[in-house]
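Working notes, structure below.
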Amino acid sequence: MQQNGWIDLQVNGRFGIAFDSPSLTVNDVISLTRRIVEQGTIGYLPTIITAAFPDVAMRNAKIISEARKIDSICHEAILGIHCEGPFISPEPGYVGAHKADKTLPCDIALIDELQNQCGNLVKLITIAAEASGAEKFTEQASSKGITVSIGHSKEWHPKILDNLANKGAKALTHVGNGIPSLLPRHDNIMWSALSQDRLSVMFIPDGFHLPEHVLKVFLAAVPVEKLIAVSDCAFPGGLPPGQYEMNGVKSFLEEDGFLRSSVGTLNGSSCCLAQAVDVLKRIGASDAVCKAIAYENPLKLIGLKP
Ligand SMILES: [Zn+2]
Numbered sequence: 388m389q390q391n392g393w394i395d396l397q398v399n400g401r402f403g404i405a406f407d408s409p410s411l412t413v414n415d416v417i418s419l420t421r422r423i424v425e426q427g428t429i430g431y432l433p434t435i436i437t438a439a440f441p442d443v444a445m446r447n448a449k450i451i452s453e454a455r456k457i458d459s460i461c462h463e464a465i466l467g468i469h470c471e472g473p474f475i476s477p478e479p480g481y482v483g484a485h486k487a488d489k490t491l492p493c494d495i496a497l498i499d500e501l502q503n504q505c506g507n508l509v510k511l512i513t514i515a516a517e518a519s520g521a522e523k524f525t526e527q528a529s530s531k532g533i534t535v536s537i538g539h540s541k542e543w544h545p546k547i548l549d550n551l552a553n554k555g556a557k558a559l560t561h562v563g564n565g566i567p568s569l570l571p572r573h574d575n576i577m578w579s580a581l582s583q584d585r586l587s588v589m590f591i592p593d594g595f596h597l598p599e600h601v602l603k604v605f606l607a608a609v610p611v612e613k614l615i616a617v618s619d620c621a622f623p624g625g626l627p628p629g630q631y632e633m634n635g636v637k638s639f640l641e642e643d644g645f646l647r648s649s650v651g652t653l654n655g656s657s658c659c660l661a662q663a664v665d666v667l668k669r670i671g672a673s674d675a676v677c678k679a680i681a682y683e684n685p686l687k688l689i690g691l692k693p
């Protein structure tokens, strides 16, 4: 794949269409994918989150695979599916905007069933390190060619991350988010994530999930080959500023692109990956660095050649 755009491993939706919607259609996936590509994201993973499991996840994974079968742009641009959950922490802060009562212990049979629905499109799955059965699940999923990433995780200790890396885990999901806003000063996942050298660090450089001074630390602390930018875009992205209901929670998209919920959580971003790359350039990332972290590294993480 020639680089004439960006690769985004976490897209929950955009332009009013959400991949966890129970009313998602094949035409939705086709029209949304075309608009995502027009905005410079040439490859991406539609992301299905905890709340959709199990029924809507099965339904929508099949719809996404059908869109790929009948539309050449979807076939090229949809590189797989990212399951963000449901095997994550239910604890406040760590659960983020996911629904705590929909989290589950790790269950490879559930993912096998999902893969049957969508023709093995699941390429990436985010689990909590402490989810019941995480070690075995990491081994099983990795052996089936699914990349396991640790996120929405209450456990963070370097030894635990190292252990999961030994089992096949490859990354950490949106480091710096999906965690409580107040943490112990040294014993916390930020230092653990930024100091370890085995797992790739996915992060959301939209300027809101991580402010620019924190993004500078990420660029300085993490080897460039380990950094992966994602948009984590949610369905209000690309829509006019205003009020939107997201998973039953009132949310506001501000004029400047800040998407926030009425309960103080972040529900994903409103940016496309090209806009996130602009933020990285603004804080000094070179073209080569941006190419690595928003094109080459995401492809490599899911086993594709840049
Ligand atoms: Zn998340």
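Here the sequence shown stands for residues 388 to 693, where the numbers follow the numbering used here.
Ideal Cβ placement from N, Cα and C applies to all residues, glycine included.
For residue i, verify whether its CB is less than 8 Å away from any heavy atom of ligand 1.
| i | result |
| --- | --- |
| threonine 560 | yes |
| histidine 600 | no |
| glutamate 471 | yes |
| glycine 538 | yes |
| histidine 544 | no |
| threonine 534 | no |
| histidine 485 | yes |
| aspartate 395 | no |
| aspartate 494 | no |
| asparagine 634 | no |
| glycine 555 | no |
| aspartate 619 | yes |
Can you tell which of the options has the C-alpha that lies nearest to the C-alpha of residue i?
| i | options | result |
| --- | --- | --- |
| cysteine 659 | Ser408, Ala621, Ile566 and Trp578 | Ala621 |
| isoleucine 423 | Val664, Gly624 and Arg669 | Gly624 |
| isoleucine 404 | Ile680, Leu466, Ser657 and Asp643 | Ser657 |
| leucine 396 | Asp458, Gly690, Asp619 and Gly520 | Asp619 |
| asparagine 684 | Ser673, Lys613, Ala663 and Val562 | Lys613 |
| glycine 644 | Phe406, Asp593, Leu559 and Leu581 | Asp593 |
| serine 587 | Glu471, Val666 and Ile689 | Ile689 |
| threonine 560 | Gly472, Ala464, Phe406 and Pro441 | Gly472 |
| glycine 651 | Ile435, Lys456 and Gly480 | Gly480 |
| leucine 501 | Glu517, Ala516, Asp488 and Ile533 | Ile533 |
Short of 6 Å in beta carbon distance, which residues of its chain neighbour residue i, apart from the five on each side in sequence? Order them along the chain.
| i | result |
| --- | --- |
| leucine 411 | Asn447 and Ile450 |
| lysine 637 | Ser649 |
| lysine 630 | Sequence check: residue 630 is glutamine here, not lysine. So the list reads Phe639, once near-sequence residues are dropped. |
Whole-angstrom Cβ separation of residue i and residue j, contact assumed at under 8 Å?
| i | j | result |
| --- | --- | --- |
| isoleucine 495 | alanine 528 | 7 Å |
| isoleucine 394 | alanine 454 | About 18 Å separates the two Cβ atoms, so there is no contact after all. |
| histidine 469 | leucine 511 | 4 Å |
For residue i, list the residues DSSP reports as bridge partners.
| i | result |
| --- | --- |
| aspartate 395 | Tyr431 |
| leucine 646 | Leu640 |
| leucine 614 | Val588 |
| glutamine 630 | Phe639 |
| cysteine 620 | Val398 and Ser656 |
| isoleucine 537 | Ile514 and Leu559 |
Within the same chain, show all residues whose beta-carbon is closer than 7 Å to that of residue i, passing over the 5 residues directly before and after it, in chain order.
| i | result |
| --- | --- |
| glutamate 478 | Lys541 |
| serine 452 | Cys505, Gly506 and Leu508 |
| isoleucine 514 | Phe474, Ile475, Cys493, Ala521, Phe524, Val535 and Ile537 |
| serine 579 | Trp543, His544, Pro545 and Leu548 |
| lysine 668 | Cys677 |
| isoleucine 566 | Gly480, Tyr481 and Ile576 |
If you drop the 5 nearest sequence neighbours on each side, which residues of the same chain put their C-beta closer than 8 Å to that of residue i?
| i | result |
| --- | --- |
| leucine 653 | Gly483, Ala484, Asn564, Phe595, His596, Leu646 and Arg647 |
| glutamate 526 | Lys554 and Gly555 |
| asparagine 391 | Ile429 |
| leucine 581 | Val562, Val588, Val604, Phe605, Ala608 and Val609 |
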